[in-house]
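**Student:** Before anything else, here's the structure in question.
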């Protein structure tokens, strides 16, 4: 097995864990946030930027890469690492989530999912076996089992059928997977907001003894407190000696909260997507850099940040770039938002190491909430 | 006077000159190509990229910056150097060319030009005095006199009236200018393809004894051989001891040719604009990276190039980025095209230093023409 996960420390007063994940392309210190590089590019950012902000592992999307440029082409170019010139670890998702959220005319059967490409409308079939084949061709350090992610509002009966199928698919993924290769397979626990279904599904998947486990199906529209409640009851059902990954989550507040519930890995398009929409995370709150109030502001975006953007440019310049639709705006904003998320995770890890995560996270969340409230009142 | 121009060498068999231009923000080795940073940003490129590819001086556009974000705002933020965080020399144009090419409903009078902003339709008046005021507020190392650039097809009579006015405007610019400041004022010689008008205008402007002179009004649709012919007769009319700048020109072939005619400085949007349209200049010819033929090509864009793009990425990856409309495509393509132009100018300077520019440029132009012909035949 090419994955080694070491639990370095568990917080005495929360479920927070400080870990170290050794993967073929490098070591990942957990808890970690993984920038999303959907189509073999973390949008608007090059590998030099990612290195500079200290990214340890990034994510690629199987659905997008399967459709374009195709996994066989990527394999010929040294896998995703060689193709996009990223030497550090990569995790690929299974394509399941995107098939349900992006593709048209999807039809689920025991075999897999038939769908129409969002690019050219062509008919495609994605199966558990093909998902693993694609992900192994992409050569990711961590690959995900092909699952169904039912809509948040689905009824209990639909969830039960779906979970049983996702378990059968997980077994087929395990059979198709080459554990002697460089890709470690993670299972995905679904079950929506039903604690008993989450528990049963976690137990079924734990029997497969995979290298790691994820919680899927959050961040699809459920209320935040319900998500926290569900993660708090579901995370303990995942094997304690293996990495736990909460898929597609979330805001800085989500990360700090869910680390305290025992999560080791996160990914989300939030920092890069909001950056492209001028919404920037700072130690002082959220800056909408489009706002005219920043037009003449000589201060750096975030005085507490060391990123290339904050070290070199003023809010006035960033506001001008965005207003003038200069392409540079997207890069500078994305660098900063990712730096904010990665820096936050570095502070999270330090707090766990010092055995004070419960207190640190409580103080951080209160302070953050206060800042955002103050900011709202000023607006 | 804050400009010092030293002629280091003149080619024995052509008019090519190797010079050194000392400006308040640094030394510029000529002949030089200046990347265009229209709205306080060389499109898709940050200062770190510009440093890395060896840019010595960049250009800003008075028209754009006057309209947005406004020169008073830029002045408050440390001028263009402080605002965009570019520590090396900057040249700004006068706004004249853009008023004629971009703005609507323009009306020329002795006072100046009334036009409607291409951004919001608001009515603006740009005069010689205001152009200088704006450019001094922007704080460029080199600023340009406000001129009229008549359409290429204008008749001789129109040219004569226009040139007389441009001379009167140049005098007003000189009167408005603060020569003790950090901005050196260049005059702009117009006259279309009329050698006698170009000569007379050059003589009129030379009497103003400005720190440098430009040839304007080319690259507006005239045939290339006519442009070369006109530059070859016009360049010698400019003072030999001052820098000579050919505005808005041009292709690699134009640069190599016009250096041989005695030009020291060039600017053009060509490398950055074509980069954003997937047209890339290489030592092997022109690569249209959109083309399916590159989809599986593992070679670097230009094996002879040392830029970040060529050192790190394959044609297949660049083609994928462009096809997927990834923002990174624009940055990587722009870095390369500018590196190609700047590297070419470094070779131009070396050839002049070695006293072999006439032979070098002849061989380079023949080789280039051959490459492009071969490429066309293969297509």
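Chains as they are written, first to last, in our numbering: chain A, 1 to 379; chain B, 1001 to 1379.
The C-beta atom is built at its ideal place from N, Cα and C for all residues, glycine as well.
For chain B, find out if any of its Cβ atoms is closer than 7 Å to the Cβ of residue 290 of chain A; answer yes or no.
**Tutor:** Here residue 290 of chain A refers to the residue found at position 290 when the first chain is read from its first residue. Not one chain B Cβ lies under 7 Å of residue 290 of chain A.
**Student:** Kindly give me the distance between the Cβ atoms of residue 26 of chain A and residue 124 of chain A, rounded to whole angstroms, as I take these residues to be in contact under 8 Å.
**Tutor:** Stepping through the first chain from its first residue, residue 26 of chain A is reached at position 26. Stepping through the first chain from its first residue, residue 124 of chain A is reached at position 124. That belief does not hold up - the Cβ atoms of residue 26 of chain A and residue 124 of chain A are roughly 33 Å apart, past 8 Å.
**Student:** What are the start and end residues of each continuous alpha helix (DSSP H) run of 4 or more residues lying completely inside the segment 199-262 of chain A, in chain order?
**Tutor:** Qualifying alpha helix (DSSP H) stretches, in chain order: 224-234, 252-259.
**Student:** Confirm, please, whether the CB-CB distance from residue 66 of chain A to residue 114 of chain A is below 7 Å.
**Tutor:** By one-based count along the first chain, residue 114 of chain A stands at place 114. By one-based count along the first chain, residue 66 of chain A stands at place 66. No, they are not a contact pair.
**Student:** Report whether the distance from the Cβ of residue 1012 of chain B to the nearest heavy atom of the ligand HEM is below 6 Å.
**Tutor:** Ligands in the displayed structure: none, and consequently the ligand HEM is not present.
**Student:** Which partner residues does residue 289 of chain A have in the DSSP bridge list?
**Tutor:** Position 289 of the first chain, counted from the start, is the residue given in the question as residue 289 of chain A. Per DSSP, none; premise fails for residue 289 of chain A.
**Student:** Tell me which residue opens and which closes the beta strand (DSSP E) that residue 1119 of chain B is part of.
**Tutor:** Here residue 1119 of chain B is taken as the residue at index 119 of the second chain, counted from 1. Taken as a continuous stretch (DSSP letters only), residue 1119 of chain B belongs to no beta strand (DSSP E), as it is neither H nor E.
**Student:** Tell me which residues share the same chain as residue 1129 of chain B and place their Cβ nearer than 7 Å to its Cβ, disregarding the 5 neighbours each side in the sequence.
**Tutor:** As a position in the second chain, residue 1129 of chain B is number 129, starting the count at 1. Once the five neighbours on either side are set aside, the close Cβ partners of residue 1129 of chain B are 1172, 1176.
**Student:** When you compare the CB positions of residue 1354 of chain B and residue 1018 of chain B, do they come within less than 7 Å of one another, or not?
**Tutor:** On the second chain, position 354 is the one that residue 1354 of chain B refers to. On the second chain, position 18 is the one that residue 1018 of chain B refers to. Cβ atoms of residue 1354 of chain B and residue 1018 of chain B: not closer than 7 Å.
**Student:** Within its chain, find whatever has a CB closer than 8 Å to the CB of residue 315 of chain A; leave out the 5 residues flanking it on each side and keep chain order.
**Tutor:** By 1-based counting over the first chain, the position of residue 315 of chain A is 315. Excluding positions up to five away in sequence, the list reads 287, 289, 294, 297, 298, 299, 300, 301.
**Student:** Check whether the Cβ of residue 44 of chain A lies closer than 7 Å to any Cβ atom in chain B.
**Tutor:** The residue you call residue 44 of chain A lines up with position 44 of the first chain. Chain B, which has a Cβ nearer than 7 Å to the Cβ of residue 44 of chain A, makes this yes.
**Student:** Restricting to Cα atoms, I'd like to know which of A:110, A:64, A:139 is closest to residue 1325 of chain B.
**Tutor:** Numbered from 1 along the second chain, position 325 holds the residue referred to as residue 1325 of chain B. With distances taken between Cα atoms, residue 1325 of chain B lies closest to A:64.
**Student:** Just the C-alpha distance for residue 169 of chain A and residue 132 of chain A, rounded to the nearest angstrom, thanks.
**Tutor:** On the first chain, residue 169 of chain A is found 169 positions in, with the first residue counted as 1. On the first chain, residue 132 of chain A is found 132 positions in, with the first residue counted as 1. Roughly 11 Å between the two C-alpha positions.
**Student:** At which residues does the alpha helix (DSSP H) containing residue 1339 of chain B begin and terminate?
**Tutor:** Start at 1 with the first residue of the second chain, and residue 1339 of chain B comes out as number 339. Residue 1339 of chain B -> alpha helix (DSSP H) spans 1328-1353.
**Student:** Do the segment 74-85 of chain A and the segment 153-165 of chain A meet, that is, are 3 or more Cβ pairs less than 8 Å apart?
**Tutor:** No, because fewer than three Cβ pairs between the segment 74-85 of chain A and the segment 153-165 of chain A fall closer than 8 Å, the two stretches do not touch.
**Student:** How would you list, in chain order, the residues of chain A whose beta-carbon sits under 7 Å from the beta-carbon of residue 1278 of chain B?
**Tutor:** Position 278 of the second chain holds residue 1278 of chain B. Correct list: empty, because the minimum Cβ distance to chain A is about 14 Å.
**Student:** Can you pull the chain A neighbours of residue 1326 of chain B, defined as C-beta to C-beta under 7 Å?
**Tutor:** Counting from one through the second chain, the residue named residue 1326 of chain B turns up at place 326. Per Cβ cutoff of 7 Å: 39, 41, 43.
**Student:** What's the gap between the Cα of residue 1002 of chain B and the Cα of residue 1136 of chain B?
**Tutor:** For the purposes of this step, residue 1002 of chain B is taken as residue 2 along the second chain, with counting starting at 1. For the purposes of this step, residue 1136 of chain B is taken as residue 136 along the second chain, with counting starting at 1. Spanning the two alpha carbons is a distance of roughly 13 Å.
**Student:** Could you list which residues in chain A have their beta carbon closer than 7 Å to that of residue 1298 of chain B, in chain order?
**Tutor:** Counting from one through the second chain, the residue named residue 1298 of chain B turns up at place 298. Ordered by position in chain A, the residues that pass the 7 Å Cβ test against residue 1298 of chain B are 77.
**Student:** From residue 1313 of chain B to residue 1279 of chain B, what does the alpha carbon distance come to, in whole angstroms?
**Tutor:** Within the second chain, the letter at position 313 stands for residue 1313 of chain B. Within the second chain, the letter at position 279 stands for residue 1279 of chain B. Answer to the nearest angstrom: the Cα atoms are 16 Å apart.
**Student:** Using a Cβ-Cβ cutoff of less than 8 Å, which residues in the same chain neighbour residue 252 of chain A once the five nearest sequence positions on both sides are dropped?
**Tutor:** In the first chain, residue 252 of chain A corresponds to position 252, counting from 1. Only 281, 340, 341, 344, 368 meet the Cβ criterion.
**Student:** Expressed to the nearest angstrom, what Euclidean distance is found between the alpha-carbon atoms of residue 1054 of chain B and residue 36 of chain A?
**Tutor:** Within the second chain, residue 1054 of chain B is the residue found at index 54, counting from 1. Within the first chain, residue 36 of chain A is the residue found at index 36, counting from 1. Approximately 32 Å between the Cα atoms of the pair.
**Student:** For residue 1277 of chain B and residue 323 of chain A, what's the separation of their Cα atoms in angstroms?
**Tutor:** Walking along the second chain from the start, residue 1277 of chain B turns up at place 277. Walking along the first chain from the start, residue 323 of chain A turns up at place 323. Going by the C-alpha atoms only, they are around 22 Å apart.
**Student:** Find the residues of chain B that neighbour residue 85 of chain A, judging by a C-beta separation of less than 7 Å, and give them in chain order.
**Tutor:** Along the first chain, one-based indexing puts residue 85 of chain A at 85. In chain order: 1312, 1313.
**Student:** State the Cα-Cα distance for the pair residue 272 of chain A and residue 338 of chain A, rounded to the nearest angstrom.
**Tutor:** Here residue 272 of chain A is taken as the residue at index 272 of the first chain, counted from 1. Here residue 338 of chain A is taken as the residue at index 338 of the first chain, counted from 1. So the two alpha carbons sit approximately 7 Å from each other.
**Student:** Whole-angstrom Cβ separation of residue 45 of chain A and residue 335 of chain A, contact assumed at under 8 Å?
**Tutor:** Locating residue 45 of chain A in the first chain gives position 45, where the first residue counts as 1. Locating residue 335 of chain A in the first chain gives position 335, where the first residue counts as 1. Rounded, the Cβ-Cβ distance is 7 Å, consistent with contact.
**Student:** Taking the alpha helix (DSSP H) that residue 1082 of chain B belongs to, which residues open and close that run?
**Tutor:** Translated into positions along the second chain, residue 1082 of chain B becomes position 82. Counting along the chain, the alpha helix (DSSP H) containing residue 1082 of chain B begins and ends at 1079-1084.
**Student:** Taking Cβ-Cβ distances shorter than 9 Å, what residues in chain A pair up with residue 1063 of chain B?
**Tutor:** In the second chain, residue 1063 of chain B corresponds to position 63, counting from 1. Those do not exist, as residue 1063 of chain B stays about 13 Å from chain A at its closest Cβ, beyond 9 Å.
**Student:** May I ask you to list, following chain order, the residues of the segment 128-154 of chain A that have a beta carbon less than 9 Å from some beta carbon of chain B?
**Tutor:** Within the segment 128-154 of chain A, no residue qualifies.
**Student:** Just to confirm, are residue 1186 of chain B and residue 1214 of chain B a CB contact at a threshold of 7 Å?
**Tutor:** Here the question's residue 1186 of chain B lines up with position 186 in the second chain. Here the question's residue 1214 of chain B lines up with position 214 in the second chain. The answer is yes: Cβ separation under 7 Å.
**Student:** To the nearest angstrom, report how far apart residue 1104 of chain B and residue 348 of chain A are at their CA atoms.
**Tutor:** Working through the second chain from its first residue, we reach residue 1104 of chain B at position 104. Working through the first chain from its first residue, we reach residue 348 of chain A at position 348. Rounded to the nearest angstrom, the two C-alpha atoms are 55 Å apart.
**Student:** What did DSSP end up calling residue 1047 of chain B once you bin it into helix, strand or coil?
**Tutor:** One-based indexing of the second chain puts residue 1047 of chain B at position 47. Of the three classes helix, strand and coil, the one that applies to residue 1047 of chain B here is helix, per DSSP.
**Student:** Would you verify that the beta carbon of residue 179 of chain A is, or is not, closer than 7 Å to some beta carbon of chain B?
**Tutor:** Translated into positions along the first chain, residue 179 of chain A becomes position 179. Taking Cβ atoms only, chain B never reaches closer than 7 Å to residue 179 of chain A, which makes this a no.
**Student:** On the criterion of 16 or more Cβ atoms from any shown chain inside 10 Å, does residue 109 of chain A qualify as buried, or is it exposed?
**Tutor:** For the purposes of this step, residue 109 of chain A is taken as residue 109 along the first chain, with counting starting at 1. Classification for residue 109 of chain A: exposed.
**Student:** Suppose the cutoff is 8 Å on Cβ atoms and the five residues either side in sequence are ignored; what does the same chain contact list for residue 1009 of chain B look like?
**Tutor:** As a first step, residue 1009 of chain B is located in the second chain; it is residue number 9 there, counting from the start. These residues qualify, in order along the chain: 1017, 1018, 1352, 1353, 1355.
**Student:** Between the segment 1246-1271 of chain B and chain A, which residues of the former have CB atoms less than 8 Å from a CB of the latter, in chain order?
**Tutor:** From the segment 1246-1271 of chain B, no residue has a Cβ closer than 8 Å to chain A.
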